[in-house]
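Below is one structure; the comments refer to it alone.
Protein chains: 2
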Amino acid sequence: MNDVITTILNHRSIRHFEDKPLTDEQIETIVACAQAAATSSFIQAYSIIGVKDKEKKKRLAELTGNQEYVEKNGHFFVFCADLYRHTIMGEKQQKNVTPSLESTEKFMVALIDTSLAAQNAAIAAESLGLGICYIGGIRNNLEMVKELLNIPDRVIPLFGLAVGYPSHITDKKPRLPLEHVYHEDEYEQDMDLYYSQLDKYDQLISNYYDARTNGQRKDRWSEQIVSMLSKQTRMYMKEFIQKNKLDIR
Amino acid sequence: MNDVITTILNHRSIRHFEDKPLTDEQIETIVACAQAAATSSFIQAYSIIGVKDKEKKKRLAELTGNQEYVEKNGHFFVFCADLYRHTIMGEKQQKNVTPSLESTEKFMVALIDTSLAAQNAAIAAESLGLGICYIGGIRNNLEMVKELLNIPDRVIPLFGLAVGYPSHITDKKPRLPLEHVYHEDEYEQDMDLYYSQLDKYDQLISNYYDARTNGQRKDRWSEQIVSMLSKQTRMYMKEFIQKNKLDIR
Numbered sequence: 001m002n003d004v005i006t007t008i009l010n011h012r013s014i015r016h017f018e019d020k021p022l023t024d025e026q027i028e029t030i031v032a033c034a035q036a037a038a039t040s041s042f043i044q045a046y047s048i049i050g051v052k053d054k055e056k057k058k059r060l061a062e063l064t065g066n067q068e069y070v071e072k073n074g075h076f077f078v079f080c081a082d083l084y085r086h087t088i089m090g091e092k093q094q095k096n097v098t099p100s101l102e103s104t105e106k107f108m109v110a111l112i113d114t115s116l117a118a119q120n121a122a123i124a125a126e127s128l129g130l131g132i133c134y135i136g137g138i139r140n141n142l143e144m145v146k147e148l149l150n151i152p153d154r155v156i157p158l159f160g161l162a163v164g165y166p167s168h169i170t171d172k173k174p175r176l177p178l179e180h181v182y183h184e185d186e187y188e189q190d191m192d193l194y195y196s197q198l199d200k201y202d203q204l205i206s207n208y209y210d211a212r213t214n215g216q217r218k219d220r221w222s223e224q225i226v227s228m229l230s231k232q233t234r235m236y237m238k239e240f241i242q243k244n245k246l247d248i249r
Numbered sequence: 001m002n003d004v005i006t007t008i009l010n011h012r013s014i015r016h017f018e019d020k021p022l023t024d025e026q027i028e029t030i031v032a033c034a035q036a037a038a039t040s041s042f043i044q045a046y047s048i049i050g051v052k053d054k055e056k057k058k059r060l061a062e063l064t065g066n067q068e069y070v071e072k073n074g075h076f077f078v079f080c081a082d083l084y085r086h087t088i089m090g091e092k093q094q095k096n097v098t099p100s101l102e103s104t105e106k107f108m109v110a111l112i113d114t115s116l117a118a119q120n121a122a123i124a125a126e127s128l129g130l131g132i133c134y135i136g137g138i139r140n141n142l143e144m145v146k147e148l149l150n151i152p153d154r155v156i157p158l159f160g161l162a163v164g165y166p167s168h169i170t171d172k173k174p175r176l177p178l179e180h181v182y183h184e185d186e187y188e189q190d191m192d193l194y195y196s197q198l199d200k201y202d203q204l205i206s207n208y209y210d211a212r213t214n215g216q217r218k219d220r221w222s223e224q225i226v227s228m229l230s231k232q233t234r235m236y237m238k239e240f241i242q243k244n245k246l247d248i249r
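For the protein sequence lines, the chains are P and E, in the order given. full-length UniProt numbering puts the first residue of the first sequence at 1, with every later residue one more than the last. full-length UniProt numbering puts the first residue of the second sequence at 1, with every later residue one more than the last.
Structure (structure tokens):
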């Protein structure tokens, strides 16, 4: 077990931060680490917007469903899938890159590129003794987020990353059994085994909530997730993405 | 600069590996690290298939465009966006989760979840002295990859990750200027600045190839990328993804 693996395994989401901003040096290190991630065919299909402006942070907190830690943290990053610069380069060279840029394949590439970069940023931040929380809530209201941050077409904010000095450390949440997520040579489709793994995990999660809440909460994982999925959220996304000239063909 | 940041900044893709398999302990550590990544609303929307079978690895190398290092490495992982287990859980609880699972939003969530997990795996592997290479070529022929690995609906192999002991170390490729990728408070849309940053980077990359190939290659980044984007590749993706009951609404 080395420091890198210890850092990675020690991850938990932090939602309470001290009122202490990151230094410019910390921010640069985190961004440089993001950029060091692999990128599909060297396409580098992402941008990162760091938000320091207090009014904008307050507004972002509202737009993400009143999450206080979007406003109160050491720094707030917005990770964006970005095929805008590729649009510009295509225009400049007068080459038709539109079918590629509008393809589902390149949409996927941009999402993957952005996420690999973000996870490097997250791990780098954690290695500096900082805590992080991914903010998917940024997708609640992308039109307004784009307007607030002056974001052009073919750039989609995917999530925020709140970073800062932790003022309250939470527990780590147990993950699905390794053998349920990791398959060898083919995808395991023995349904008895599949269900028994999920059952075992459901019980583990129920015990976890039970212990954490003094018996007030005992959700099983599969019930929690199915309940979440029963609600239809962010169903505007398809139209929004296509309006932004991505994932069209 | 700590060990974590050093590891992250030291990344380069490795395409030549020694003939030495990873141990089961190494594989388990890498998968455990993948699972430690953040996951959107605790959804855990991915699976990982480790391929040991020699015939399957050989076939995968063919399917990814004859990339030798897909066959010859220490271990080959296939990272899959996975909303299959959520389908099963919904059916078992007789709740209608179909609109959610078919949404563009949940497709994005699955891609992001998978990529965050994969990057943890990559960094963990590199910290163990191993080299890695992401294999996007797996998306050349997803129908056949799915058949080969017995992968159900709503599970999409996104990329492979070849891992092993490096037998040849490549150079690190310079990334876009930090100030081009990282914006403060809003997306920089001063086009003169935008172009000048790209020009500067184009020259850097041209010099990089020049030095690496003894003057035989001097591509500028923007030309390389626009040339790549002028070709329409993997245009079957939209139909394929929707046939797999994802990204439909």
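Just so you know, even glycine gets a beta-carbon here, dropped at the ideal spot from N, CA and C. All of these numbers come straight from a predicted model, not from anything done at the bench.
Residue i and residue j closer than 8 angstroms at C-beta
i	j	result
P:ALA162	P:VAL78	no
P:HIS75	P:GLY137	no
E:SER13	P:ALA45	no
E:SER127	E:THR7	yes
E:VAL97	P:VAL226	yes
P:HIS86	E:LEU176	no
E:CYS33	P:ILE49	no
P:ASN244	P:ILE156	yes
E:ASP199	P:VAL51	no
P:VAL31	E:LEU178	yes
P:TYR201	P:ARG154	no
Cα-Cα separation, residue i to residue j
i	j	result
P:GLN197	E:GLU147	24 angstroms
E:LEU246	E:PRO152	12 angstroms
E:SER40	E:GLY215	47 angstroms
P:PHE107	P:LYS72	32 angstroms
P:HIS16	E:THR29	29 angstroms
E:LEU63	P:ARG212	48 angstroms
P:ASP3	E:ALA121	14 angstroms
residue 258 of chain P	P:GLN224	Outside the shown range of chain P, which is 1 to 249, sits residue 258 of chain P, and nothing can be said about it.
P:LYS95	E:THR233	16 angstroms
E:LYS53	E:ILE123	Looking at the sequence itself, residue 53 of chain E is Asp, so the reference to Lys does not match. Roughly 25 angstroms between the two C-alpha positions.
P:GLU68	P:LEU142	18 angstroms
E:PRO99	E:LYS92	16 angstroms
P:ASN10	E:MET191	42 angstroms
P:ALA125	P:CYS133	11 angstroms
E:TYR195	E:ILE205	15 angstroms
P:MET1	E:MET1	19 angstroms
P:ALA61	E:GLU55	52 angstroms
E:LYS57	P:GLN189	20 angstroms
Supposed contact pair residue j and residue i - C-beta distance, whole angstroms, cut 8 angstroms
i	j	result
E:ARG249	E:GLU102	5 angstroms
E:ASN150	P:TYR187	5 angstroms
E:MET237	P:THR104	4 angstroms
Burial state of residue i (16 or more Cβ within 10 Å)
i	result
E:ASN207	exposed
P:LEU193	exposed
P:GLN35	buried
E:GLY65	exposed
P:GLN203	exposed
P:ILE241	buried
E:GLN119	buried
P:HIS183	buried
P:MET89	buried
P:ILE169	exposed
Cβ neighbours of residue i in the same chain (closer than 7 angstroms, five flanking residues each side left out)
i	result
E:ARG59	LEU148
E:LEU111	ALA81, LEU158
P:GLN26	LEU128
P:PRO21	GLY74, HIS75
residue 250 of chain P	Shown here, chain P extends from 1 to 249; a query on residue 250 of chain P therefore has no answer.
P:SER222	LEU198, ASP202
E:PRO174	LEU204, ILE205, TYR208
E:GLU239	none
Chain-order list of residues whose beta-carbon lies under 8 angstroms from that of residue i (same chain, five-residue window excluded)
i	result
E:THR114	ALA45, TYR46, PHE79, CYS80, ALA81, ASP82, LEU158
E:ARG217	TYR209, ASP210
E:ASP19	LYS72
Contacts around residue i, its chain only, beta-carbon distance under 6 angstroms, and the 5 residues preceding and following it disregarded
i	result
E:PRO166	ILE14, GLY131
P:LYS172	ARG12
Min CB distance residue i to chain A below 8 angstroms
i	result
E:TYR134	Looking at the structure shown, chain A is missing, and the protein chains on hand are P and E.
Proximity test, residue i beta-carbon vs the ligand ADP heavy atom, cut-off 7 angstroms
i	result
P:ALA32	Because no ligand of any kind appears in the structure shown, any question about the ligand ADP cannot be addressed here.
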